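J.: One structure, pasted below without further comment.
Protein chains: 4
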Amino acid sequence: MSRQENIQKRITVAVVNGTGYGGLELLRLLAHHPVFDLVEVTARSEAGKAVSSVFPSLPNLDLRFSETVERAELAFVALPDHAAVEIVSHLLAAGRRVVDLSAGFRLRDAALYPRWYKYEHPAAALLEEAIYGLAEWARPDLPEARLVACPGCYPTAALLALAPALAAGLIESDLIVDAKSGVSGAGRTLTLGNHYSEANEDVSAYGLGGHRHAPEMRQELVRIASAAAHAAVDNTPLRLTFTPHLVPMTRGILATCYATLRPDVSAETVRTVYEQTYRDEPFVRLAETPPHTKWTLGSNLCFVYPTVDSDNGRLIVVSALDNLIKGAAGQAVQCANLMYRLPETLGLPCEGVYP
Amino acid sequence: MSRQENIQKRITVAVVNGTGYGGLELLRLLAHHPVFDLVEVTARSEAGKAVSSVFPSLPNLDLRFSETVERAELAFVALPDHAAVEIVSHLLAAGRRVVDLSAGFRLRDAALYPRWYKYEHPAAALLEEAIYGLAEWARPDLPEARLVACPGCYPTAALLALAPALAAGLIESDLIVDAKSGVSGAGRTLTLGNHYSEANEDVSAYGLGGHRHAPEMRQELVRIASAAAHAAVDNTPLRLTFTPHLVPMTRGILATCYATLRPDVSAETVRTVYEQTYRDEPFVRLAETPPHTKWTLGSNLCFVYPTVDSDNGRLIVVSALDNLIKGAAGQAVQCANLMYRLPETLGLPCEGVYP
Amino acid sequence: MSRQENIQKRITVAVVNGTGYGGLELLRLLAHHPVFDLVEVTARSEAGKAVSSVFPSLPNLDLRFSETVERAELAFVALPDHAAVEIVSHLLAAGRRVVDLSAGFRLRDAALYPRWYKYEHPAAALLEEAIYGLAEWARPDLPEARLVACPGCYPTAALLALAPALAAGLIESDLIVDAKSGVSGAGRTLTLGNHYSEANEDVSAYGLGGHRHAPEMRQELVRIASAAAHAAVDNTPLRLTFTPHLVPMTRGILATCYATLRPDVSAETVRTVYEQTYRDEPFVRLAETPPHTKWTLGSNLCFVYPTVDSDNGRLIVVSALDNLIKGAAGQAVQCANLMYRLPETLGLPCEGVYP
Amino acid sequence: MSRQENIQKRITVAVVNGTGYGGLELLRLLAHHPVFDLVEVTARSEAGKAVSSVFPSLPNLDLRFSETVERAELAFVALPDHAAVEIVSHLLAAGRRVVDLSAGFRLRDAALYPRWYKYEHPAAALLEEAIYGLAEWARPDLPEARLVACPGCYPTAALLALAPALAAGLIESDLIVDAKSGVSGAGRTLTLGNHYSEANEDVSAYGLGGHRHAPEMRQELVRIASAAAHAAVDNTPLRLTFTPHLVPMTRGILATCYATLRPDVSAETVRTVYEQTYRDEPFVRLAETPPHTKWTLGSNLCFVYPTVDSDNGRLIVVSALDNLIKGAAGQAVQCANLMYRLPETLGLPCEGVYP
């Protein structure tokens, strides 16, 4: 089908679980998408209510929450992990295409689910089919995809920061990702940790014993580097430490990534590799100075800033994005655009709401 | 010219002083406006620099700051007050239309400038011509306007809250506007008051001796009420107390407005008057519950919530908006759309970036 | 007993419900009080746990949460309203003195409880005995008090702002209190409203249909004014509108209070009245400029700033305090100091943690 | 002199430059110090003004800013770096003892000043005499010290986190310190970076090309490890990468420190080493869970949390403190207490203002 026809023809879409922050952001982005026609939004707890009464920030969205998807050709699933897996299987069986924002189909190896997600994967056969939807690397596979597993917010920031260097063989395989996230990354569920009075004027680390986003980062870094045929990566297991932090802001992730530079890799080489990697990317921008998460607020942008600590022979790459957009809903729409061979940027904000 | 033709034909526009927060927000909104073609952005201090290097949040804006306006048919002026007046006169003399975001042409009575703005107005003749650009009340006058004086952020919130009640004769003429503003309202200039460590975790009142936005509120309230022919308003001078406050957030204004209800005015009457006033407004929404500034972040929306304190015979109206959009840049674009008979919502975000 | 002896002799005290924010702040203040010896802290949910493991900010408090008070001579009760009433009765019956931070004994008229607190008061006889513990006005009654009912955080701010003017007959009896509170005022219980991502970068009003702190303000304003024998106040019912707002900070209340000035009351008279009222107060300070809540953070201070809006014949008084200290725990300790004829400032911080 | 006598005898102290945040916090701490008698506060720009009018948060401090120190026996110098050096020399020459909060005397090697601080050190002879005032390691040297150079806020956090492991030979000499600081760390001077609207809802890294606090960390880590006689450290130059970040809060530093564990070092060994190191420290606490900066707000506490990432053979140590207290003014008072053989905790808050 030609691009022209696609733009003419509307594609019906649904959001499954429109009441979490990922789902809400999908609603905002899809409200004006020129091709995707948002026809259904599910939410068990709010079924029957007008979306605009639950979310007054969307006063023009003329839809009510429903219990199930009945009509949409494409479903965006924004459920918590375990809940997503079953519903995704049903949606696929009913002939729909699915963009899943949960972790339910991100790991290729079903054996990893019990350790990291505390459940046996009930649909392991789909793990191989699912396309890991980091659009910048998944582009060729998306048009045929039935099921896209969108990366987590942390992996998006880490992969966009480190994959170019690893793929180009610039660094050793010992990596540290020290990430700082806004509180919305922890979702809308009430916990003491996201109580305003507790989270405000505070910074803390968490997940020090191992965070569930780490295996996903490792899997994709190895895959991208292997594809680039760097033997060192294939044979040496990645030594990847990932430490997430909570910082007192609503949105944004800043990932500060550290790696040991290989001998004789210059700062110029590093810069060139990143420039070549991202030159034509609509949403990934090479920053001239250390990036601010605020540059990305409300947009699908990710800024990447590679720099060399020459005193210590290290590569440091800082990346910044809006965790609910490039780290979730925006990436999902970006993938969906590619699934339907639409212009990749369709309906996606490319400017940060600054300040 | 028909609407169809307008959409076809691009209109060249300029932003004068694109480095303040009002100017920056204009750049964001105009970057993708389907009719207005942003061709020039001035900024004395940054002339020659790429806009995207000064504001990385606008990575796709392919423009450099210039010193003057040379080509644009329409100029948005986002200068500080006194600086604006002279430049606006020049722009008009050169045959351009102007939407001015400063206070330079908001007051009809030139005699008020020395007291409130500390200067003698050098172009008093234009004060009469200027249209006060509160779009919801200025709509009929905008298509012919050469010069539109956009309301301040506080007056926008106060007028949208109080004008319906005053115009309908529901309230006495003693008014209190207690407004809470985010820090961006104070601009990008560095002061101890907007130093993060001073403004964070703090609330304070200011301008208690009289704030320069008060005469503008009074002028327009009287004008709107007079137009509605309520003698009581004409003859009784408004007793309007306005107290602005700084609250620790970047964007948003919440105005809590108090007035004495006239006898026998019921809550139902109040609600009906507000519903009738705003029923067809694209950006002003009657809220079902007390509104949150966060509902409006990043959008041109204003929520209005009228309620009756029956124990004390008072009307309380709470309004919420984004001070940089409906309170500044968005309102300017809304007026400009009307100046060119374009659809009023063209290029303006109608959804809040929530949370 | 002489003051000297009191300082020698330690007085055993307990905190009932040490896990809310009021209770936690009591623990911090009492940890080093030179006379009060904190021997017990109750908390049903955490009984048996070390206080320092639940609250790492108190690493030196060598106490475990218990279920009941067994030894203390004086109990500070920091329970939610209804829960407090029963326990306070028991504590008194067991011969202890009580400083109650709940609303359970603040209203003299038992008939008000069903409307405002949704329960029939089970110990109405105690309402008459209870001393309303706004220390600045309750001083003479405190040394003999068995039961002190500490004012709410909002009433403390409003009363310190308005009582002097009302008592001196400077103003009419139509009052508006527009108060802005940090989120900790809503307590430690989890609600969507105090979720970080919802409360951050947001301001909203609530309780517009009538807030339960209003009758308490009205009761005490009338009492203070009556004591000062101003007939006008006695006979005219106060027309008091109170609108609380939530602002994105953890601590602090700013109350902006409006009243109509009586004819011929000058700004000088106002200033003099306030100066005379607060001249010798250790914790209430007349501000030279509009006060900031940040000045009070972590201290028992309240700043009061009366000003005259002469254009409109209004008195505006702004007050600022830390809602958990002068608005709760600090006030409780201040009252307790007076109950035992100790120096009023004992153990209370008189400096704000700034910035 | 016996401790008893010291407590009897008041020691006169001065704060040089009481208008920065470090100086202001010194004023707060010294206002009630039981032995140090604050007799002078200098500030060129505010000379003659009452401290309490410049800083209303200190309403009881009955002092005026002066231009010079005339009487005090001990001076706390809270000037920017270069300015401090000259004044410290004068103060010492006049026979006073000095606790300097600047970096002017922190580096032993005068040759480092031109690179990192952009000036030739004018008093290099004093560099050897100065005691680096990290109280936990400087204790034996402080009683005789004439000049104490207080560590920077970042080095305090990093050294307390890493020194035990390095001194005990648990880790290799490749270190990464990823630190997150509140905005007050950047001082009270106005910059675009600490403008509220720019810093709020934002995280960013800075100093990626090398931050001036890094050489100080390296110097002291080597010194402490050398003292513990671990040859590996002596001979291998430390490979220390330090990346500071700005997070949207006023106070607090969280340092997340990474190092490669030596073979066969177990998590138990790590915990034991840290427990032994800090067992008797009044201000350094081993945390049971990852620490929060909020636990330390307003206090001189530092929480340290060592943990082993066994999948990757890394030690991760997280430390948290209040940058203006344990990272500046509190540490200075702690050192001064030790200089006069006073109890180390005198006048220092040991409880965080939470929440």
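Protein chains in written order, with my numbering: chain A, 1 to 355; chain B, 356 to 710; chain C, 711 to 1065; chain D, 1066 to 1420. We put the beta carbon where it would ideally sit given N, CA and C, even for glycine. On a predicted model such as this, the values are computed, not experimentally measured, just so you know.
1) Spell out the partners DSSP gives K1245 (chain D) in its beta bridges.
2) Ignore the nearest five residues each way along the sequence and tell me which others in A1270 (chain D)'s own chain have a CB closer than 6 Å to its CB.
3) In angstroms, rounded to a whole number, what distance separates the CA positions of V1242 (chain D) and A1223 (chain D)?
4) What is the rounded straight-line gap between the Cα of P164 (chain A) and the Cα of R271 (chain A)?
5) Count the other C-beta atoms from every protein chain shown that fall within 10 angstroms of the C-beta of L902 (chain C), then say buried if there are 16 or more, exposed otherwise.
6) Do you know how far the Cα of P143 (chain A) is from the Cα of T345 (chain A)?
7) In three-state DSSP terms, what is A1143 (chain D)?
8) Between D:P1408, D:N1402, D:I1390, D:A1401, which has its C-alpha nearest V1418 (chain D)'s C-alpha?
9) For the stretch 194-206 of chain A, which residues have a beta carbon sitting closer than 7 Å to at least one beta carbon of chain D?
10) Determine the chain A residues that contact V893 (chain C) at a beta-carbon separation under 7 Å, and present them in chain order.
11) Just reading off the beta strand (DSSP E) that E1075 (chain C) is part of, what are its end residues?
12) Mind listing the chain C neighbours of Y565 (chain B)? Cutoff is C-beta to C-beta under 7 Å, in chain order.
13) If the cut is a Cβ gap below 7 Å, which residues of chain D does K294 (chain A) touch?
14) So which residues of chain D does V1063 (chain C) contact, with C-beta pairs closer than 8 Å?
15) Using Cβ-Cβ distances below 9 Å, what residues of the stretch 262-296 of chain A are close to chain E?
16) For F1130 (chain D), list the residues DSSP reports as bridge partners.
17) Could one say the Cβ of Y660 (chain B) lies closer than 8 Å to chain A's Cβ atoms, at least one of them?
18) Less than 8 Å between CB atoms is the rule here; does N603 (chain B) satisfy it with respect to chain C?
19) Excluding the 5 residues flanking V858 (chain C) on each side, which residues of the same chain have their C-beta closer than 6 Å to its C-beta?
20) If contacts are defined as beta-carbon pairs under 8 Å, then G152 (chain A) and E86 (chain A) qualify, I think. What distance do you get, rounded to the angstrom?
21) Determine the contact status of C1012 (chain C) and L1025 (chain C), defining contact as a CB-CB distance below 8 Å.
22) For I963 (chain C), which option in C:C1060, C:V798, C:G895 has the closest C-alpha, if you only look at C-alpha atoms?
23) So is N1082 (chain D) in contact with chain C if we call contact Cβ pairs under 8 Å?
24) In this structure, does DSSP put E1059 (chain D) in helix, strand or coil?
25) Under 8 Å, do L26 (chain A) and A83 (chain A) count as touching if we go by C-beta distance?
26) When you compare each of C:P1016, C:T752, C:H742 to N770 (chain C) by their alpha carbons, which one comes out closest?
27) Applying the 10 Å Cβ sphere with the 16-neighbour rule, what's the burial state of Y196 (chain A)?
28) Counting pairs of Cβ atoms below 8 Å between the stretch 1355-1366 of chain D and the stretch 1156-1174 of chain D, do you hit three or more?
29) Report the partner residues of I1026 (chain C) according to the DSSP bridge assignment.
30) Is A75 (chain A) buried or exposed, if buried means 16 or more other CB atoms sit within 10 Å of its CB?
31) For my contact list, G1134 (chain D) and L1156 (chain D) are in at a C-beta cut-off of 8 Å; report their separation, rounded to the angstrom.
32) Across which residues does DSSP place L1212 (chain D) in a beta bridge pair?
33) Among the candidates A:V222, A:T260, A:T256, A:L160, whose CA atom is the shortest distance from the CA of E172 (chain A)?
34) Quick check: the Cα distance between S407 (chain B) and V659 (chain B), rounded to an integer number of angstroms?
35) Which first and last residues belong to the alpha helix (DSSP H) in which I224 (chain A) is found?
36) Taking the alpha helix (DSSP H) that R1336 (chain D) falls in, what are its first and last residues?
T.: In short:
1) Taking the first residue of the fourth sequence as position 1, residue 1245 (chain D) is located at position 180. K1245 (chain D) pairs with D:H1310, D:L1319.
2) Here residue 1270 (chain D) refers to the residue found at position 205 of the fourth sequence. The residues are T1308, H1310.
3) Here residue 1242 (chain D) corresponds to residue number 177 of the fourth sequence, with the count starting at 1. Here residue 1223 (chain D) corresponds to residue number 158 of the fourth sequence, with the count starting at 1. Taking the straight line joining both Cα atoms gives about 7 Å.
4) Residue 164 (chain A) sits at position 164 when you count from the first residue of the first sequence. Residue 271 (chain A) sits at position 271 when you count from the first residue of the first sequence. In a straight line, the C-alpha of P164 (chain A) is about 10 Å away from that of R271 (chain A).
5) Here residue 902 (chain C) is taken as the residue at index 192 of the third sequence, counted from 1. Its Cβ having fewer than 16 others within 10 Å, L902 (chain C) is exposed.
6) Numbered from 1 along the first sequence, position 345 holds the residue referred to as residue 345 (chain A). Numbered from 1 along the first sequence, position 143 holds the residue referred to as residue 143 (chain A). Between the C-alpha atoms of T345 (chain A) and P143 (chain A) there is a straight-line separation of about 15 Å.
7) Position 78 of the fourth sequence holds residue 1143 (chain D). Correct three-state label for A1143 (chain D): coil.
8) Taking the first residue of the fourth sequence as position 1, residue 1418 (chain D) is located at position 353. Nearest option by C-alpha distance: D:I1390.
9) S197, E198, E201, D202, V203, S204, A205, Y206
10) As a position in the third sequence, residue 893 (chain C) is number 183, starting the count at 1. Correct list: Y196, S197.
11) Shown here, chain C extends from 711 to 1065; a query on residue 1075 (chain C) therefore has no answer.
12) Numbered from its first residue, the second sequence carries residue 565 (chain B) at position 210. Here the sequence assigns Gly to residue 565 (chain B), which means Tyr is not the residue at that position. Under the 7 Å cutoff, chain C gives D1021.
13) Position 294 of the first sequence holds residue 294 (chain A). In chain order: E1266, D1267.
14) Working through the third sequence from its first residue, we reach residue 1063 (chain C) at position 353. Under the 8 Å cutoff, chain D gives R1093, S1122, L1362, G1363, V1418.
15) No chain E is present in this structure, whose protein chains are A, B, C and D.
16) One-based indexing of the fourth sequence puts residue 1130 (chain D) at position 65. Paired residue(s): D:V1106.
17) Here residue 660 (chain B) refers to the residue found at position 305 when the second sequence is read from its first residue. For Y660 (chain B), the answer is no, since every Cβ of chain A falls outside 8 Å of its Cβ.
18) On the second sequence, position 248 is the one that residue 603 (chain B) refers to. Here residue 603 (chain B) turns out to be Pro, not Asn, going by the sequence shown. Taking Cβ atoms only, chain C reaches closer than 8 Å to P603 (chain B), which makes this a yes.
19) Taking the first residue of the third sequence as 1, we reach residue 858 (chain C) at position 148. Excluding residues within five positions, the ones whose Cβ falls inside 6 Å are V809, I841, G843, C1045.
20) Stepping through the first sequence from its first residue, residue 152 (chain A) is reached at position 152. Stepping through the first sequence from its first residue, residue 86 (chain A) is reached at position 86. With a Cβ gap of about 20 Å, G152 (chain A) and E86 (chain A) do not count as contacting.
21) Numbered from its first residue, the third sequence carries residue 1012 (chain C) at position 302. Numbered from its first residue, the third sequence carries residue 1025 (chain C) at position 315. Taking 8 Å as the Cβ cut-off, C1012 (chain C) and L1025 (chain C) do not qualify as a contacting pair.
22) Your numbering for residue 963 (chain C) matches position 253 in the third sequence. It is C:G895 whose Cα lies nearest to the Cα of I963 (chain C).
23) Your numbering for residue 1082 (chain D) matches position 17 in the fourth sequence. It does not; no Cβ of chain C falls within 8 Å.
24) Residue coverage of chain D in this structure runs from 1066 to 1420, which leaves residue 1059 (chain D) outside it and unanswerable.
25) Along the first sequence, one-based indexing puts residue 26 (chain A) at 26. Along the first sequence, one-based indexing puts residue 83 (chain A) at 83. Result no, Cβ atoms of L26 (chain A) and A83 (chain A) do not sit closer than 8 Å.
26) In the third sequence, residue 770 (chain C) corresponds to position 60, counting from 1. Checked all of C:P1016, C:T752, C:H742; the closest Cα to N770 (chain C) is C:H742.
27) The residue labelled residue 196 (chain A) in the question sits at position 196 within the first sequence. Buried, because 16 or more other Cβ atoms sit within 10 Å of the Cβ of Y196 (chain A).
28) no
29) Here residue 1026 (chain C) is taken as the residue at index 316 of the third sequence, counted from 1. C:Y968, C:T1017.
30) As a first step, residue 75 (chain A) must be located in the first sequence, where it is residue number 75. Per the 10 Å Cβ criterion, buried.
31) Against the fourth sequence, residue 1134 (chain D) aligns to sequence position 69. Against the fourth sequence, residue 1156 (chain D) aligns to sequence position 91. Looking at the sequence itself, residue 1134 (chain D) is Val, so the reference to Gly does not match. Right, the Cβ-Cβ distance comes to about 7 Å (below 8 Å), so this counts as a contact.
32) Walking along the fourth sequence from the start, residue 1212 (chain D) turns up at place 147. Answer is D:V1163.
33) Here residue 172 (chain A) corresponds to residue number 172 of the first sequence, with the count starting at 1. When only C-alpha atoms are compared, the closest one is A:T260.
34) Within the second sequence, the letter at position 52 stands for residue 407 (chain B). Within the second sequence, the letter at position 304 stands for residue 659 (chain B). For S407 (chain B) and V659 (chain B), the distance between alpha carbons rounds to 36 Å.
35) For the purposes of this step, residue 224 (chain A) is identified with residue 224 of the first sequence, where counting begins at 1. Taken as a continuous stretch (DSSP letters only), the alpha helix (DSSP H) holding I224 (chain A) covers 214-227.
36) Within the fourth sequence, numbered from 1, the residue matching residue 1336 (chain D) stands at position 271. Its alpha helix (DSSP H) spans residues 1332-1343.
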